[in-house]
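Visitor: Just dropping this structure here.
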């Protein structure tokens with residue numbers, strides 16, 4: 001690996017974190033990511049790794065706000081293109097990102113909105129799933 005990346009046999013990796021475009025900006029992605037961080041810490045790991053496509057500026061900005069740093073760029077990565085009739089495996093560039101998590105057992109990961117409100121994570125997401133993304137029209 002790179003010069004500043006320690007070798008490890010096992011690393012926790014986030015894969016396919018996605019939030020529906022109409023449900024973005026409600027804190028769902030942040031809450032999911034924070035829940036992943038808490039779980040990773042409970043497993044005894046101090047880092048979290050993920051990949052994001054280089055041309056996905058919104059996701060890159062989100063992960064940067066959440067404390068992830070770029071480790072390297074894979075210019076020979078592949079992804080599935082679903083824009084046509086047939087599913088195609090096409091070349092793309094992906095950034096590999098990593099976030100170092102607090103190392104001491106007393107360190108705290110920032111609480112998600114669900115934890116701050118005192119509800120469990122499943123109840124938190126259940127609330128979002130039941131809430132319409134757009135308010136229903138008023139009947140006159």
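In the UniProt record's numbering, the protein residues as written are 1 to 140. No residue lacks a Cβ here, since even glycine has one placed at the ideal position from N, Cα and C. Note that this is a predicted model, so its numbers are computed, not measured.
#1: Could you compute how far the alpha carbon of residue 32 sits from the alpha carbon of residue 90?
#2: Using DSSP bridges, identify the partner residues of residue 94.
#3: Looking at the secondary structure, which residues open and close the alpha helix (DSSP H) in which residue 67 lies?
#4: With three or more beta-carbon pairs closer than 8 Å as the criterion, would you say the stretch 43–60 touches the stretch 6–18?
#5: At which residues does the alpha helix (DSSP H) containing residue 38 begin and terminate?
#6: Starting from residue 89, follow its DSSP beta bridges and name the residues at the other end.
#7: Compare the C-alpha of residue 96 against each of 74, 87, 80, 65 and name the closest.
Guide: Straight from the coordinates:
#1: Approximately 28 Å, taken between the alpha carbons.
#2: In the DSSP output, where bridge partners are listed per residue, residue 94 has 53, 74.
#3: First-last for residue 67: undefined, no H or E at that position.
#4: They touch, by the three-pair rule.
#5: Residue 38: member of the alpha helix (DSSP H) spanning 28–42, first to last residue.
#6: In DSSP, residue 89 forms a bridge with 80.
#7: Nearest to residue 96 by C-alpha distance, out of 74, 87, 80, 65, is 74.
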